[in-house]
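Add 119 to the 1-based position in the sequence shown for my numbering, that's all there is to it. Let me begin by presenting the structure, written as structure tokens, before commenting on it.
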Amino acid sequence: MSTLIAGFIGTTEIWIICIVILVLFGSAAIPKFAKSLGRAKKEFEEGIKDGQKKKEDDDKDEDSDKGTSE
120 MSTLIAGFIG TTEIWIICIV ILVLFGSAAI PKFAKSLGRA KKEFEEGIKD
170 GQKKKEDDDK DEDSDKGTSE
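As structure tokens, this is what we get:
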């Protein structure tokens, strides 16, 4: 799907989208939006790492439980 969208959006369209965003939100709101987007990305990545670590810990616990019950 991204290749389909990339085929329709060119440099001119990207500039138009940027100008519309600038007009709608103003130049002061864009840095705030970018900062909050960066924070959200960081929290999302931390959540993924925590989830993977928890899964690995649970897998280790299951393996140790299986070893003691046999």
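Backbone N, C-alpha and C fix where the C-beta goes; we use that ideal spot for every residue, glycine too.
Under three-state DSSP, which class holds residue i?
i: G157; result: helix
i: K179; result: helix
i: A147; result: coil
i: F127; result: helix
Where does the unbroken alpha helix (DSSP H) through residue i begin, and where does it stop?
i: I138; result: 130 to 144
So is residue i buried or exposed if we call it buried at 16+ other beta carbons inside 10 Å?
i: T130; result: exposed
i: I138; result: exposed
Please report how far the alpha carbon of residue i lies from the alpha carbon of residue j, in whole angstroms.
i: L143; j: I167; result: 33 angstroms
i: G170; j: K151; result: 29 angstroms
i: M120; j: F127; result: Residue placement at M120 cannot be trusted, given a pLDDT of 47 that sits under 50; the coordinates are not used to answer.
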